[in-house]
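Protein chains in written order, with my numbering: chain A, 2 to 339; chain B, 492 to 1232; chain C, 1066 to 1336. Backbone N, C-alpha and C fix where the C-beta goes; we use that ideal spot for every residue, glycine too. A quick note: this is a predicted structure, and the numbers were derived from the prediction, not measured. Step one of this worksheet: look at the structure below.
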Amino acid sequence: MNYIELKNISKKFSNNQVLKNINLNVKSSEFLVLVGPSGCGKSTLLRTIAGLETPDSGDVIIAGVRVNSVQPQDRNLAMVFQSYALYPHLSVYDNLAFSLKLKKVSDTEIKKQVLETAHFLQIESFLDRKPKALSGGQRQRVALGRALVKRPPLILFDEPLSNLDAHLRQQMRLEIKRIHQQMNCTVIYVTHDQVEATTMGDRIVVMKQGEIIQVDQPTKIYESPQNTFVAGFIGSPEINILSGEFNNLKMNNIEIGIRPEYLRIQEKAGYQNTGTAVINYIENLGSHNLYHLTQNDVKIRVLQSPVEGASVGQKIPLYVKAEKIIRFDAQTKMRLQD
Amino acid sequence: MIFQMKKIIYLLIFSFSFSFAKESPTKPVQIQIWHQMIYSHREVLARAITTFENSNPGVKIRATYRETEELRSAFQSAAMGGSGPHLIYGPSDQVGPFAAMGLISPLENELPTEFWNQFDSLAVPVYQDHRYIVGDTVGNHLMLIYNRKIVKNPPATIAELIAQAKQYTIDSDKDSKINQWGLVFNFTEPFFFVPWINAFGEGFLKNQIEPNLNTTATQAAFTFIQDLKIKHKVIPPECDYEMANSLFKEGRAAFIINGDWSWGDYKEAKIDFGIAPLPQNEVTKLWPAPLVGTKGYSLNANITDSEEKKITLKVLQFLTSEQVQTLFLAEVGTLPSNLNLRSQAGVKNNAQLTASAQVMLYGQAMPMVPEVRAVWDSLRKHYQAVLGGQELPVTASEAAQLDAIKQISNMNNVTQPGLQAKLISGLLIVILILLSFFLLRRFPEFIRALRAQPLYWAMLLPSLLIIFLIVVYPFFYNILISISNFGLRTFKDWQIIGLQNYVEVFSDFQFYSVLLKTIIWTVTNVATHVAIGLALAIFIDQLLPFKGLWRVLLIIPWAIPQYITALTWRGLFNQEYGPINHFLQTWFQLPAVQWLSQPFTTFFACFITNVWLGFPFMMVVALGGLQSIPQSLYEAAKIDGANEWQRFKLITWPLLLPVMIPAALLGFIWTFNNLNVVWLVSNSGEPADQTHILVSYVYKSAFNLYRYGYAAALSLIIFILLMAYGFWFVHKKSLKEKTSI
Amino acid sequence: MKKIFALVVIILFSVFSIYPVLYVLTVSLRTDQAFQANQLNFFGDNTGFQNFTRLITETDFLIWFRNSVLVSGTSTILGVTMAATAAYALSRYSFKAKRWILFSLLTTQMFPATMLMLPFFIILAKLQLINSFMGLFIIYASTALPFCIWQMKAYYDTLPIDLEEAALLDGCSKWQVFYKIILPISSPALVITGLFSFMAAWSEYMIAAIVLQDPALYTLPLGLKSFQASLATQWGLYAAAALIVSIPVVLLFFMLSRYLISGLTVGSVKG
């Protein structure tokens, strides 16, 4: 069942068309990620759903009701901001209780809900502190708590983790997923980090310059990207997009996409030899190495477990898992069906 | 680069300013004269000066105009500090105070007897057996001046005056605004009032020095003026000197009561005017007795160099000579003080002068003693209260008498140092000793700190030093004065006496009432400024386009210099001419309000002026604060369910407090201490000295009433009050911050 | 709608702000020396720029103007220089007496002016600075100092110390750090401080009246006051002069209002 339906949403800022005729359905209880490079319109789309922006045209339908003219506070949703937007003059407790106080919930009930949420997020120990006395990660969780305390059916996240260090980010990703599972709410999550997108989302919406390029499950997007943009955007390290000649394919009018993990410089079952290449540079990624090669003046990256003896300048054989080759139309950049 | 340039510019200006800044007498000797001559007279003076300079190369004369009251206080300050002009020219009533303070020198031994003999005795009055002033004109008295186009025969009695005035008070276009008044004069000023007392009985002074205000004559005179205003309706309800003068010059008044100094002005305005004595009281058969005085030159006591003194006296003799007096006579028609000239045709054939001389016969001599100031002051206060309807004539005259006596004793009483003085002086010395010990002990530490961070101290010390000199030192000096008997009589030799001044402050009922007024004044002002500033800031920031435009328009009041603002608003509230009354009458059909003659409305006028001045600052601060509240907070609140009012109450207001609170505190202090607005709009506390806040009250005590010790004590008390309030305020705020809202 | 209400209120207050100025303008354009102007009639039968021309040609107005520029400018430069340096020292250096000094700076704002006038005068007289610009420079610069130091210090407090540490490592002496790094980036605060000092000096009357006695040295406020006599004010000239006196300050305000708003709140709201 669709919890949210967006129909033909368009929005312009000054002379900039930020959203171009967006159509999107969000299923109930799904974790939907909006991802794309900066300026693609993902935040604007999120804010449109929240009611903080009004679309120039189109309909926003939440739970079957057209809410274009409904104020944010009446849309029964919660939002976690990139900057957390915690009320600096209120304690953590009061920050969490804010929305409940406005609804005139009784003090005892407020206390119960706030403590529950605080316990859930493990922030009980600093309920009486003010935001400026908290670390980044703690503030993050308070921002989360503020959203959760309302038990909303829909939570919107606007790049909430971009201000945290790598370690914390990983932790919080799990937290947020856990919350989603336990609360069974609908989540729309905006990020520019494709790793976040692929690890967290039930479905990913890839956006570019105000348009939705592809909406699908992460694995499908990974394996069958709609076009070279999506292929290049999703997947780390980035996919190799090659033109010219490769693997005995003469490529007029097509471009080839092959992910580094489907290339090797050492033999393995399932991989075909596809010529030789010269090693330019070796990046050590811990469990794997990323080998930067050149073959026939074409730059290719290969990801595999470290090979002993491989060194810069060396000429080595190149192997490819042929069935993972994706072909794109050289003009339209769209994926060609096999 | 810019800063290097700045340094150079500074150096340039610095040296440049030296070139013409200091008044160093090099080749030509410069004689400074301060005077209060009206502008038509000034031109004549300038000509006389040029004549002297031409025949005396090597002497330059600089004449500076200052308005009478200011002349007095400026000369006082200057002479007290050991400088000031060589000669001061003003009315004879200034002589008493100046002589008492030792600021002017006796002249009877400096000039030969023949010199003195050529003058009318009124022009060279004696004060305490000395001659301090040489007058070049006699008169300066009030008379009834009438517009010959309107009045054919001047009235001889008061009844006739009233009848004629009634006849000539006309509302020609029937718009219930009077177009022509029968009589105009500056009736609220004692100088214009006291002559009438004599028409009803005893005059206002006994033996030239004692106040005599508690008389039926005074009460009758009070009633007389009131009747003119309310019963006969022949004088404008509010009429200051300005207005009376303007009305007469425009030909919109039949009679004006004014002095000989105004003739030049009326001639220039081409009014054909006649002169008559103030009319006789037909009931008592007594005549009003205008004060006759002289205006003349006095010698600054600080001029001690014999060469300089010689030249100065030469100038004095020249400016009072027959030659110069003739010039004045011809140009502006003043009555010369030189007796020889009196018999000349120029005087004899001058109708005005003859008439004026006649008037003088009825007059009384202008007293010179400093006590007169006290009499003026107490009379003014109660007289204005009667006119404003707050006091009855009977009670007013009694109160005025008591007040005058009290003020005179204040002025004259020199409290001699007694036991208290010894105790306090002893205490001071002990404190000083302790302080020096304390500092001495810290001294090596100080030197160490200096050595450790020479740069920082180099940056800090100049400022600290100057602040100490200019701000801290006067503060302690003020404390010293407050425990001394520094006053009119003890100008040069004051002594520490103890805490009597403080006792006086705290036992004065006026202090508490003025304090209360000040607090109410300050609180209402600051609250209004903040409310308006905040509201406007929110409108501009959140609701309207063209932010830049509004910001600029609404900041203008703050930019205009305060003294200009105060005087302008005073004019706006003028009862007869001010646009505010005009606006009220034409658009709201309300009667004209006498803004400046009743205490409450005067305060209100000051309040409006101060609001005009004060809201831009609060608006600017609020705008700054608003800009620093991140938009996302509002968005989060929206999503949390807050409506517009709740967002203001729960987000905007608490986050603005840290910015508005210091601003409000500053505003409180500034408003509490702001002398300009109240003083200038109410014209020194009128009506009846009711429009005072603490600072203006202090100013008046010090500079008008010579009660320096009292004023210093009061200043210190004001300061302590403010400090205490500041402390309490900050303490309360930090308490609030500890407990969350 | 809220917006309309806000607009109406703003317009009302704008009129309130401007009306007295317009009034003075009409008085200045009248050729008689009267203060009566019941309406704002700009183009009555009395209109003319006479007052302005008379002001410039017949009075010492230009002299006063030059004097005011000189006095205000110099005291501003003096004041800003001293405030900028002293505040920096207070901001970066901690020493025992610091709190006392800061506190006393604040309390100097509370002195009623009446307390200081007589002692000022006596000090200046003793130092022979009466009737000289020097006396005014000193007094103006120093009475504005406490406030300016307070403002500058608040600003310096918001500058991160890393900048200075980097400069030190690059080889700057402490003075150079201040002069080459801190000062240039403090321009907003310097501008505000300068503006306040300038305005205070430009509009100051009472002290100037005490100090300056030679009319050749008069600053504008003194000159304007001389048009007034309780017995015959030349209102037209006065109004014309008042307008001209106010213009530089208003212009300065306009140009710097941006800085004003940010500068006054620097360091106060930390979000």
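Is there a Cβ of chain C sitting closer than 8 Å to that of residue i, yes or no?
{"i": "residue 1087(B)", "result": "no"}
{"i": "residue 998(B)", "result": "no"}
{"i": "residue 1214(B)", "result": "yes"}
{"i": "residue 754(B)", "result": "no"}
Establish whether the CB of residue i and some CB of chain A are separated by less than 8 Å.
{"i": "residue 1033(B)", "result": "no"}
{"i": "residue 737(B)", "result": "no"}
{"i": "residue 565(B)", "result": "no"}
{"i": "residue 1123(B)", "result": "yes"}
{"i": "residue 1029(B)", "result": "no"}
{"i": "residue 1154(B)", "result": "no"}
{"i": "residue 1146(B)", "result": "yes"}
On the DSSP bridge assignment, give the partners of residue i in chain order.
{"i": "residue 1216(B)", "result": "Looking at the DSSP assignment, residue 1216(B) forms no beta bridge with any residue, so it has no partner."}
{"i": "residue 273(A)", "result": "321(A)"}
{"i": "residue 555(B)", "result": "525(B)"}
{"i": "residue 278(A)", "result": "317(A)"}
{"i": "residue 159(A)", "result": "191(A)"}
{"i": "residue 701(B)", "result": "697(B)"}
{"i": "residue 36(A)", "result": "192(A) and 207(A)"}
{"i": "residue 56(A)", "result": "Answer by DSSP bridge pairing: none, since residue 56(A) is not bridged."}
For residue i, name the three-state secondary structure that DSSP assigns.
{"i": "residue 268(A)", "result": "coil"}
{"i": "residue 64(A)", "result": "coil"}
{"i": "residue 651(B)", "result": "helix"}
{"i": "residue 748(B)", "result": "strand"}
{"i": "residue 771(B)", "result": "strand"}
{"i": "residue 90(A)", "result": "coil"}
{"i": "residue 1278(C)", "result": "coil"}
{"i": "residue 736(B)", "result": "helix"}
{"i": "residue 204(A)", "result": "strand"}
{"i": "residue 801(B)", "result": "helix"}
{"i": "residue 434(B)", "result": "There is no way to answer for residue 434(B), as the model of chain B reaches only from 492 to 1232."}
{"i": "residue 225(A)", "result": "coil"}
From the beta carbon of residue i, is the nearest beta carbon of chain B less than 8 Å away?
{"i": "residue 334(A)", "result": "no"}
{"i": "residue 1297(C)", "result": "Bear in mind that a pLDDT of 49 at residue 1297(C), under 50, signals an unreliable position, so the number given afterwards is only what the model happens to contain. Judged by the 8 Å Cβ criterion, residue 1297(C) is in contact with chain B."}
{"i": "residue 1104(C)", "result": "Because the pLDDT of residue 1104(C) is 49, which lies under 50, any placement of that residue in the model is unreliable, and the number read from its coordinates should be weighed accordingly. Closer than 8 Å to some Cβ of chain B, the Cβ of residue 1104(C) qualifies, so yes."}
{"i": "residue 4(A)", "result": "no"}
{"i": "residue 104(A)", "result": "yes"}
{"i": "residue 370(A)", "result": "Nothing can be reported for residue 370(A), as the shown portion of chain A is limited to 2 through 339."}
{"i": "residue 73(A)", "result": "yes"}
{"i": "residue 208(A)", "result": "no"}
Item to check | Inter-stretch contact at 8 Å, needing at least 3 Cβ pairs: the segment 136–152 of chain A / the segment 52–63 of chain A | outcome: Result no; under three Cβ-Cβ pairs closer than 8 Å.
Checklist entry - Does the segment 303–322 of chain A touch the segment 199–210 of chain A, meaning 3 or more C-beta pairs lie closer than 8 Å? => result The segment 199–210 of chain A makes no contact with the segment 303–322 of chain A, as fewer than three CB pairs between them are under 8 Å.
Item to check | Runs of alpha helix (DSSP H) wholly within the segment 1026–1113 of chain B (minimum 4 residues, chain order) | outcome: For the segment 1026–1113 of chain B, whole alpha helix (DSSP H) runs of length 4 or above, ordered along the chain, are 1038–1050, 1053–1063 and 1070–1079.
Next on the checklist: Please give me, in chain order, every unbroken run of the alpha helix (DSSP H) with length at least 4 that falls completely inside the segment 832–867 of chain B.
Outcome noted: For the segment 832–867 of chain B, whole alpha helix (DSSP H) runs of length 4 or above, ordered along the chain, are 836–839 and 842–853.
Next on the checklist: Could you tell me which whole beta strand (DSSP E) segments of length 3 or greater appear in the segment 614–682 of chain B?
Outcome noted: 625–630, 633–638 and 672–675
Checklist entry - Between the segment 1163–1173 of chain C and the segment 913–923 of chain B, are three or more C-beta pairs nearer than 8 Å? => result no
Checklist entry - Would you call the segment 69–81 of chain A and the segment 50–59 of chain A in contact, with 3 or more CB pairs under 8 Å? => result yes
Next on the checklist: Using 8 Å as the cut-off, can you tell me whether the segment 767–784 of chain B makes contact with the segment 796–805 of chain B, which would need three or more C-beta pairs spanning the two stretches below that distance?
Outcome noted: Counting Cβ pairs under 8 Å, fewer than three are found: no touch.
Checklist entry - How do the segment 567–580 of chain B and the segment 539–546 of chain B stand: do at least 3 beta-carbon pairs fall below 8 Å, yes or no? => result no
Next on the checklist: Check whether the segment 213–224 of chain A and the segment 264–279 of chain A touch, using three or more Cβ-Cβ pairs below 8 Å as the test.
Outcome noted: no
Checklist entry - Does the segment 1099–1116 of chain B touch the segment 1021–1031 of chain B, meaning 3 or more C-beta pairs lie closer than 8 Å? => result yes
Next on the checklist: Below 8 Å, how does it come out for the segment 542–558 of chain B and the segment 762–778 of chain B: are there three or more Cβ pairs, yes or no?
Outcome noted: Because the criterion of three Cβ pairs below 8 Å is not met, the segment 542–558 of chain B and the segment 762–778 of chain B do not touch.
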